[in-house]
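J.:
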Amino acid sequence: MKAQRAAELRQPGEPFTVTLSSSGAPAYDLSATKQLAFGLADGSLAPDAAARLLTQHRADPSGLYYKESRRRSESYWSSLLHLAAEKCSGAEGAAILTHLLSSPFCPDVNQTTPFAEDCLRIPWESHDEAPLDALLDRLPRATDSPGRREHPTQLPALLPMIETLLSHGATCYSHWDSEGLLGKVFQSGADMTAKECLEAVGRLTSAAARARTYRPTASILYGPFTFSSACGCRFREEEAVPG
């Protein structure tokens, strides 16, 4: 299925588009920006390769990335920062985000992607998405289908990236106003002990605090129902340590 997906990147200043397919790179040379986009979409981009494309070859992280959509004929992420948030994971994903954010050409960490003009606008979905929104969309919710809720590794895999975006002053716009970001953590169904959950909360609040000197982020961490979400958690019991 992955090999069937394709997307387009239109690099600023170039009069054409190129189709990037995860089944293989095109048979002609790609610009540094397109190499960066292809590697992100394909999942093959290593952090050191991202750093090299951004610093030595001046890849542009603000390039538009066109993606598939069920509802609109032309849908896109407004920067490669959004694409990384949707595709990467783990410590490597966090490192790639750091390299993108360090680029002098990187857009604002809270730049949003609006719905396309031809999008079927549904009132409760009429919102813009920042990179943090794209990342949080990947976490399962209590209202999701049982199949999606059975992914307890999602939170640990995405936590380093959430932490990285928060430390750079990221906020979110589209979801979870009542639970806050921490409520989303509590609702993710992650297979964690109470201690591990407390450590995750501590990491996220510390990351938000590091960014607070130039961009307040505390408001997205908490909501009116954050506490009730925490009370509804079911934690994995810690294994007894042999004496």
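Numbering (my numbering), first residue to last: -14 to 228.
Ideal Cβ placement from N, Cα and C applies to all residues, glycine included.
These numbers come from a predicted model, not from an experiment.
Go ahead and pull the three-state DSSP assignment for E114.
T.: Strand.
J.: For A119, which residues in the same chain have their Cβ closer than 6 Å to its Cβ, ignoring the five residues on either side in sequence?
T.: Counting only Cβ-Cβ distances below 6 Å, and skipping sequence neighbours, we find H67, A70 and E71.
J.: Quick one: what does DSSP say L82 is sitting in, helix, strand or coil?
T.: The answer is helix: DSSP assigns L82 an H, G or I state.
J.: Rounded to the nearest angstrom, what separates R123 and C73 at their Cα positions?
T.: Cα-Cα distance, rounded: 11 Å.
J.: Closest by CA to E77, which one among T149, Q96, A193 and L38?
T.: The option with the nearest alpha carbon to E77 is T149.
J.: DSSP three-state call for L30: helix, strand or coil?
T.: Coil at L30, not helix or strand.
J.: Give the DSSP-derived three-state secondary structure of P97 in the structure shown.
T.: Strictly speaking, residue 97 in this sequence is Thr, with Pro absent from that position. Here T97 sits in coil by DSSP.
J.: Could you have a look at L124 and say whether DSSP puts it in helix, strand or coil?
T.: Correct three-state label for L124: coil.
J.: Is DSSP giving L15 helix, strand or coil here?
T.: In this structure, L15 counts as coil in the three-state DSSP scheme.
J.: Would you mind working out which of Y50, F90, L82 and P145 sits nearest A34, comparing C-alpha positions?
T.: The shortest C-alpha separation from A34 is found at L82.
J.: Relative to the alpha-carbon of V94, which residue among A26, C157, T178 and R195 has its alpha-carbon at the smallest distance?
T.: Of A26, C157, T178 and R195, the residue nearest in Cα terms is C157.
J.: When you compare each of G24, L30, V170 and P46 to P116 by their alpha carbons, which one comes out closest?
T.: Nearest C-alpha to P116: P46.
J.: I'd like the list of long-range same chain contacts for S87, defined as Cβ closer than 8 Å, with 5 residues on each side in sequence excluded.
T.: Cβ neighbours of S87 beyond the five flanking positions: L39.
J.: Is the beta carbon of T211 closer than 8 Å to that of L167?
T.: In this structure, T211 lies closer than 8 Å to L167 by Cβ.
J.: Roughly how many angstroms separate the alpha carbons of G24 and L121, rounded to a whole number?
T.: Cα-Cα distance, rounded: 21 Å.
J.: Under a three-way DSSP split, which group does L140 fall into?
T.: It is helical.
J.: With burial defined as no fewer than 16 other Cβ atoms inside 10 Å of the residue's Cβ, what is the status of E164: buried or exposed?
T.: With 16 or more Cβ atoms within 10 Å of its Cβ, E164 is classed as buried.
J.: When DSSP labels each residue in this structure, what does W109 get in the three-state scheme?
T.: At W109, the pLDDT of 41 sits below 50, so the modelled position is not reliable; the number obtained from the coordinates is stated separately. DSSP places W109 in helix when its eight states are reduced to three.
J.: With A175 as the anchor, note down where its alpha helix (DSSP H) starts and where it stops.
T.: A175 -> no alpha helix (DSSP H), and no H or E assigned at all.
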